[in-house]
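Asker: Here you go, one structure.
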Amino acid sequence: MNLALIVNQSKEDAESFQKVIVERLEDLGVHPQLFLNKDFQRNDFNEIDCIITLGGDGTILHTAGVLRGMRVPILGINAGHLGYLTEIRKRREIDEALKRLLAGDYVEDRRSMLLGRVIRGGREIFSKLALNELLISRVRGVSIHHFQVFCDGMEMVHYSSDGIIISTPTGSTAYNLSAGGPIISPEAKVYIMNPICAHSLNARAVVLDDRRVLEIVMEKGDQVLSFDGEEPFELLSGDKVIIEKAEEETVLVKFSRESFLHTLREKMSLV
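Per our numbering, the very first residue in the sequence shown carries number 1030; after that it's consecutive.
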């Protein structure tokens, strides 16, 4: 098996975890390709069977963004804090996890992604995928921004707010949750539109069938569009952001079939 190991060196325990992982893989006859921080590109994984990420959820999100739908399974090992997407959270779990990975004894957990496209003057000028969420937010100042939202070509709602989060089920426990949005089971065929600090008592998060296509028009103010917290893209008044379910997916390695509620209880103490 050809493995890649991506290490986020900013994490406190990354160096010691890296040493343990590399030594154990070499004991098992595997010499992983090592990538540090964000120093890798999509083509680096053309011959890779599986990617191990050592960091936190952000490391997985960045990796998924670089892969852009390449169905290379990702095994997340947590060296951060919450690690909601990571499968391995403790050092003592690494040995057994690597053995099972090499034996093919795991489940592929396929996660839906969103495709966001920016239309300016009738022409597409930017597009990108997100595993967690797309965020439209203001650049500076405290003024309220205005957004007109269409769903499948029909006018749906007008928001005056600080921004809008469009979240996948995977991302429902991230920024969406902090902004008061609902938690959605990862396998649900939906996505969430959640206004941030809307200037209306009636503005609430909306859960949409993932076959729907959203179009958000920037009516006023300077905004930026970001995907999974990555480098933002600057939007201008009159720009349209079209959002729909992507054909691509992210594949995560799972060793257990634990229920969604069990995961919530363990990682977020919700139930």
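Even for Gly, the Cβ is constructed at its ideal location relative to N, Cα and C. Since we're looking at a predicted model, the values are computed, not measured.
1) Grouping DSSP H, G and I as helix and E and B as strand, with all else coil, what is L1158?
2) Is the distance from the Cβ of I1089 to the Cβ of I1077 below 9 Å?
3) Find out if the Cβ-Cβ distance for the pair D1138, P1215 is shorter than 9 Å.
4) Nearest to R1149 by alpha carbon, out of A1033, R1294, F1262, E1276?
5) Counting only C-beta atoms, is V1236 closer than 9 Å to chain B at any point?
6) In three-state DSSP terms, what is A1033?
7) Quick one: give me the first and last residue of the alpha helix (DSSP H) that R1129 is part of.
8) Which one of S1045, S1039, N1066, K1040 has the shortest CA to CA distance from A1033?
9) The beta strand (DSSP E) with E1052 in it runs from where to where?
10) Relative to the alpha-carbon of I1165, which residue among I1271, Q1070, I1106 has its alpha-carbon at the smallest distance?
11) Counting only runs that start and end within the region 1216-1289, where is the beta strand (DSSP E) found for 3 or more residues in a row?
12) Where does the unbroken alpha helix (DSSP H) through I1028 begin, and where does it stop?
13) Just the Cα atoms here: how many angstroms apart are L1264 and M1099?
14) Counting C-beta neighbours from all protein chains within 10 Å, is the total for V1168 16 or more, i.e. buried, or is it exposed?
15) Which of the three DSSP states is assigned to T1197 in this structure?
16) In this structure, what does DSSP give as the bridge partners for L1063?
17) Tell me, please, whether the region 1200-1211 touches the region 1223-1237 by the rule of three or more beta-carbon pairs shorter than 8 Å.
18) Going by DSSP in three states, H1291 sits in which element: helix, strand or coil?
19) What is the DSSP secondary structure of T1115, counted as helix, strand or coil?
20) Return the residue from the list G1145, V1280, T1279, A1208 that minimises the CA-CA distance to L1243.
21) Along the chain, where does the beta strand (DSSP E) that runs through N1072 open and close?
22) Measuring alpha carbon to alpha carbon, tell me which of G1085, L1281, N1161, V1236 ends up nearest A1275.
23) Look at the alpha carbon of E1153 and the alpha carbon of D1268, and state the distance between them as a whole number of angstroms.
24) Does DSSP put S1207 in a helix, in a strand, or in coil?
25) When you compare each of T1092, K1048, Q1047, E1041 to E1278 by their alpha carbons, which one comes out closest?
26) State the Cα-Cα distance for the pair I1193 and I1050, rounded to the nearest angstrom.
27) In terms of alpha-carbon separation, which member of R1140, D1056, D1239 lies closest to I1195?
28) With a Cβ-Cβ cutoff of 9 Å, do I1080 and I1123 count as a contact?
29) Please confirm whether R1140 and V1280 have their CB atoms less than 9 Å apart.
Answerer: With the given structure in hand:
1) Taking the first residue of the sequence shown as 1, we reach residue 1158 at position 129. Of the three classes helix, strand and coil, the one that applies to L1158 here is strand, per DSSP.
2) One-based indexing of the sequence shown puts residue 1089 at position 60. One-based indexing of the sequence shown puts residue 1077 at position 48. Against a cut-off of 9 Å, the Cβ pair of I1077 and I1089 comes out as no contact.
3) The sequence position of residue 1138 within the sequence shown is 109, counting from 1. The sequence position of residue 1215 within the sequence shown is 186, counting from 1. Yes, these two residues count as a Cβ contact at 9 Å.
4) As a first step, residue 1149 is located in the sequence shown; it is residue number 120 there, counting from the start. R1149 has its Cα closest to that of F1262, out of A1033, R1294, F1262, E1276.
5) Protein chains in the displayed structure number just one, and chain B is not present.
6) Within the sequence shown, numbered from 1, the residue matching residue 1033 stands at position 4. Note: A1033 maps to strand in three-state DSSP.
7) Position 100 of the sequence shown, counted from the first residue, corresponds to residue 1129. That run of the alpha helix (DSSP H) goes 1123-1132.
8) Stepping through the sequence shown from its first residue, residue 1033 is reached at position 4. It is N1066 whose Cα lies nearest to the Cα of A1033.
9) The count along the sequence shown starts at 1 and reaches residue 1052 at position 23. Premise fails: E1052 lies in the alpha helix (DSSP H), 1043-1056, not in any beta strand (DSSP E).
10) Translated into the one-based positions of the sequence shown, residue 1165 becomes position 136. I1165 has its Cα closest to that of I1271, out of I1271, Q1070, I1106.
11) 1219-1225, 1235-1238, 1243-1249, 1252-1256, 1262-1264, 1269-1283
12) Look at the range of the chain in this structure, 1030 to 1300, and you will see that residue 1028 is not part of it.
13) Here the question's residue 1264 lines up with position 235 in the sequence shown. Here the question's residue 1099 lines up with position 70 in the sequence shown. Cα-Cα distance, rounded: 28 Å.
14) Taking the first residue of the sequence shown as position 1, residue 1168 is located at position 139. Burial call: exposed.
15) If you number the sequence shown from 1, residue 1197 lands on position 168. If DSSP states are grouped into helix, strand and coil, T1197 belongs with coil.
16) Here residue 1063 refers to the residue found at position 34 of the sequence shown. L1034, per the DSSP bridge assignment.
17) yes
18) One-based indexing of the sequence shown puts residue 1291 at position 262. Note: H1291 maps to helix in three-state DSSP.
19) Reading the sequence shown from its first residue, position 86 is the one you call residue 1115. Looking at T1115 - three-state DSSP - the assignment turns out to be coil, as it is neither helix nor strand.
20) Here residue 1243 corresponds to residue number 214 of the sequence shown, with the count starting at 1. Out of G1145, V1280, T1279, A1208, G1145 has the C-alpha closest to the C-alpha of L1243.
21) Taking the first residue of the sequence shown as 1, we reach residue 1072 at position 43. Looking at the DSSP string, N1072 is not in any beta strand (DSSP E), and its letter there is neither H nor E.
22) Position 246 of the sequence shown, counted from the start, is the residue given in the question as residue 1275. The shortest Cα separation from A1275 among G1085, L1281, N1161, V1236 belongs to N1161.
23) Along the sequence shown, one-based indexing puts residue 1153 at 124. Along the sequence shown, one-based indexing puts residue 1268 at 239. If you take the alpha carbons of E1153 and D1268, they lie about 10 Å apart.
24) The sequence position of residue 1207 within the sequence shown is 178, counting from 1. Helix.
25) Residue numbering aside, residue 1278 sits at position 249 when the sequence shown is read from its first letter. Measuring from the Cα of E1278, the nearest candidate turns out to be T1092.
26) Position 164 of the sequence shown, counted from the start, is the residue given in the question as residue 1193. Position 21 of the sequence shown, counted from the start, is the residue given in the question as residue 1050. Using only the alpha carbons, I get a separation of about 40 Å.
27) One-based indexing of the sequence shown puts residue 1195 at position 166. Taking only the C-alpha atoms, the option nearest I1195 is D1239.
28) Here residue 1080 refers to the residue found at position 51 when the sequence shown is read from its first residue. Here residue 1123 refers to the residue found at position 94 when the sequence shown is read from its first residue. Cβ distance not < 9 Å, so I1080 and I1123 don't count as in contact.
29) Numbered from 1 along the sequence shown, position 111 holds the residue referred to as residue 1140. Numbered from 1 along the sequence shown, position 251 holds the residue referred to as residue 1280. Taking 9 Å as the Cβ cut-off, R1140 and V1280 qualify as a contacting pair.
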